[in-house]
Amino acid sequence: MKTFPSMVVALFLILFSNPSSLKAATPLPKVVTAYASFSEKEGAIFVAEDQGLFRKYGLDVKHVYVSSGSIALSALASGEAQFYTGSPTGATLGAVAGGLDVVFVAGLVNKLNGTFVVEPSIKTPADLKGKTIGVQSIGGGIWMITMMVLNHWNLDLKRDNIKFRVLGDFTVLTQSLSSHLIDASYLTYTFASKMERQGFRILADLEKLPIPYQNTGVIARRSFVNASPDIVERFLKGLSDGVAFAMDPANKTAVMKSLAKGLRLPRTEDAREGYEGMLTLYQRQIYPTTEGIQNAIQVIGSTNEKIRSLKAENLVDDRFVKKLEQERRF
Numbered sequence: 001m002k003t004f005p006s007m008v009v010a011l012f013l014i015l016f017s018n019p020s021s022l023k024a025a026t027p028l029p030k031v032v033t034a035y036a037s038f039s040e041k042e043g044a045i046f047v048a049e050d051q052g053l054f055r056k057y058g059l060d061v062k063h064v065y066v067s068s069g070s071i072a073l074s075a076l077a078s079g080e081a082q083f084y085t086g087s088p089t090g091a092t093l094g095a096v097a098g099g100l101d102v103v104f105v106a107g108l109v110n111k112l113n114g115t116f117v118v119e120p121s122i123k124t125p126a127d128l129k130g131k132t133i134g135v136q137s138i139g140g141g142i143w144m145i146t147m148m149v150l151n152h153w154n155l156d157l158k159r160d161n162i163k164f165r166v167l168g169d170f171t172v173l174t175q176s177l178s179s180h181l182i183d184a185s186y187l188t189y190t191f192a193s194k195m196e197r198q199g200f201r202i203l204a205d206l207e208k209l210p211i212p213y214q215n216t217g218v219i220a221r222r223s224f225v226n227a228s229p230d231i232v233e234r235f236l237k238g239l240s241d242g243v244a245f246a247m248d249p250a251n252k253t254a255v256m257k258s259l260a261k262g263l264r265l266p267r268t269e270d271a272r273e274g275y276e277g278m279l280t281l282y283q284r285q286i287y288p289t290t291e292g293i294q295n296a297i298q299v300i301g302s303t304n305e306k307i308r309s310l311k312a313e314n315l316v317d318d319r320f321v322k323k324l325e326q327e328r329r330f
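Numbering (the numbering used here), first residue to last: 1 to 330.
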């Protein structure tokens, strides 16, 4: 029988003669990324998680859904989350104006997307006068996109007697449309297709409207970025690979499975419209868009002086994306 010291020596020799065993025994750094959108815009992260693309770069990433951007920002502030995949909403810009040191380190979706879905009787934007529009929260992403679209159509809430009704996420908004509690709502493609099958009208495909916007970006605290640049770089490498995987037609089935799983859809087939929407949303270059952030500052800053004084260029740190481009990753 081997003595205890000889067993220790044997184990030591096994580990160091097989580096992969030693590596496997070392836990990967845990990274939490929060999201509040619950749409196909998150598809690339669902894919990267399912395909082990973050683990490829030595990170154990968990993508966690929260009910609002405010909660995601609180998670960043407390250190419970390292990244937030969100947009420059009233909550985000308000937190920055209040002193939270967050920056956009990447832009996952750099344009408006989704649809504006309305009751069948509404034929033109002018027909929205006197109607009720559903949103998830005042100042949130859905609200801000809706405001940008109304401004584009030269509609004014007070003048045109347009009301907002705060309800919940896209699932709640679609149910509210079906129940005629609201007359219109911004919806992503996955949810809009269901409403269209029920006879509701798609008044506009927002991707076709000339409105600059930073849609879904990767947000992190500047202090975390400066303290852990290696984590940020590895996370963005995994995300970049996820975008590339999602955009490859050969991976359609796997991407739809990840999207259906991430959006809690009952069937993989239910993710088809969302998958097709993803292909138009993503681009290989994941730079954040300063122009889109500035547009958000202008919309929200119209009623908030502190937000109005923010400068978009101060909210962007694109050095990591520049490095990815130099490495010819896109």
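The C-beta atom is built at its ideal place from N, Cα and C for all residues, glycine as well.
These numbers were taken from a predicted model, which means no experiment stands behind them.
From the options, residue whose alpha carbon lies closest to that of residue i
i, options, result
"Leu324", "Thr85, Leu239, Ala312, Pro266", "Leu239"
"Val172", "Tyr282, Phe38, Glu276, Arg319", "Phe38"
"His63", "Trp143, Phe245, Thr85, Thr89", "Thr85"
"Ala81", "Phe224, Leu279, Gln298", "Phe224"
"Gly199", "Pro212, Asn304, Ser178", "Ser178"
"Gln372", "Tyr186, Ser228, Ala97", "The structure shown does not extend to residue 372, since the chain is modelled only from 1 to 330, so the question has no answer here."
Nearest-angstrom Cα separation, counted from residue j out to residue i
i, j, result
"Glu327", "Gln175", "46 Å"
"Thr190", "Gly168", "17 Å"
"His180", "Ile231", "47 Å"
"Pro29", "Gly58", "7 Å"
"Lys252", "Lys237", "21 Å"
"Asn295", "Thr26", "45 Å"
"Ser70", "Ala91", "6 Å"
"Ala244", "Ala254", "13 Å"
"Arg284", "Asp248", "11 Å"
"Arg197", "Glu269", "15 Å"
"Leu281", "Lys41", "8 Å"
Own chain residues within Cβ distance below 6 Å of residue i, not counting five before or after
i, result
"Ala220", "Phe83, Val105"
"Thr289", "Gly107, Asn110, Gln214"
"Ala204", "Phe116"
"Leu53", "Gly238, Asp241, Gly242"
Residue i (DSSP reduced to helix, strand or coil)
i, result
"Arg319", "helix"
"His152", "helix"
"Arg197", "helix"
"Leu73", "helix"
"Arg165", "strand"
"Val299", "helix"
"Lys311", "coil"
"Gly107", "strand"
"Asp50", "helix"
"Val32", "strand"
Cβ neighbours of residue i in the same chain (closer than 7 Å, five flanking residues each side left out)
i, result
"Glu273", "Tyr189, Thr190, Ser193"
Contact set for residue i: own chain, Cβ-Cβ below 8 Å, skip 5 residues either direction
i, result
"Ser121", "Asp127"
Point to revise | Continuous alpha helix (DSSP H) assignments of at least 4 residues falling wholly in the region 81 to 105 | key: Taken in chain order, the complete alpha helix (DSSP H) segments of 4 or more residues contained in the region 81 to 105 are 90 to 97.
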